[in-house]
Amino acid sequence: MTREKLSTDAIAAALAELDGWSLAADGASIKRSFVFKNFSEAFAFMTRVALAAEKMDHHPDWSNVYKTVDVTLNTHDAGGVTALD
8 MTREKLSTDA IAAALAELDG WSLAADGASI KRSFVFKNFS EAFAFMTRVA LAAEKMDHHP
68 DWSNVYKTVD VTLNTHDAGG VTALD
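Following this line, the structure appears as structure tokens:
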């Protein structure tokens, strides 16, 4: 996958295929909230994602409050959303 910034139309088309994801208010990232059964499941999810992200050298912006994980993705060096996101 490339780190080339996607057009607005390409982002919209990709989001139509992704359940629960939406364009963030900044227009330069995509976002989704994940709700789990409890904190342990939320933390396990974050651990799995962290390991995969490290292998890809592509890291999410995220936060965790109890059983909810909010994830925002963009490709920082491209200045927007790419196919990696």
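Using this note's numbering, read the sequence shown as starting at 8 and increasing by one per residue.
Note that the Cβ used here is the ideal one computed from N, Cα and C, for glycine as well.
Given the structure is predicted, the values throughout are model-derived calculations rather than measurements.
Note to self: On the criterion of 16 or more Cβ atoms from any shown chain inside 10 Å, does aspartate 16 qualify as buried, or is it exposed?
What the structure shows: Counting Cβ neighbours within 10 Å, aspartate 16 comes out exposed, since fewer than 16 surround it.
Next item on the list: Could you say which of Asp84, Phe50, Ile18, Ser47 lies nearest to lysine 38 if we only look at CA atoms?
Entry: Ile18
Check: For threonine 15, which three-state DSSP category applies?
Finding: Assignment of threonine 15 by DSSP, reduced to helix, strand and coil, places it in the helix class.
Item checked: C-alpha gap between leucine 58 and leucine 30, whole angstroms -> Their Cα atoms are separated by approximately 25 Å.
Next item on the list: May I have the straight-line CA-CA distance separating valine 78 from methionine 53, to the nearest angstrom?
Entry: 10 Å
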